[in-house]
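First the structure, in the form of structure tokens, and then the observations on it.
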Amino acid sequence: MSNSTLRAGRPSSAKKATNLADLADKTPTVRVNFDLDREKHVGLKILAARSGKSVTDILRELVDRELSTHPSN
1 MSNSTLRAGR
11 PSSAKKATNL
21 ADLADKTPTV
31 RVNFDLDREK
41 HVGLKILAAR
51 SGKSVTDILR
61 ELVDRELSTH
71 PSN
């Protein structure tokens, strides 16, 4: 017999419930989409995997770093 942890029910019921306080803490976001050379995309994915981060996390960190060194005001 297997020791797997199969459960009946809706998958969404295992998620933490969202309340109004959680929603109030989040700042509005916009989606950014751009083209990237295939080789650069592969390199970005490798970098993310090696650092244990997502591609999104890597790109957000790069944008934050650049904006902190070149403020718009």
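Mapping of the sequence shown onto UniProt numbering: position 59 corresponds to residue 59, and the numbering continues sequentially without gaps.
Yeah, the Cβ is synthetic: ideal placement off N, Cα and C, and Gly gets one too.
Keep in mind that this is a model prediction, so the values were computed, not measured.
- Runs of the alpha helix (DSSP H) lying entirely within the segment 17 to 69 and spanning at least 4 residues, in chain order: 20 to 25, 38 to 51 and 55 to 69.
- For a cut-off of 8 Å, the C-beta gap from V55 to K45 is around 6 Å, short enough to register as a contact.
- Inter-residue distance for K40 and R60 is about 16 Å (C-alpha atoms, whole angstroms).
- Taking the C-beta atoms as reference points, I58 is found nearer than 7 Å to A48.
- If you draw a straight line from the Cα of P71 to the Cα of A17, it comes to about 37 Å.
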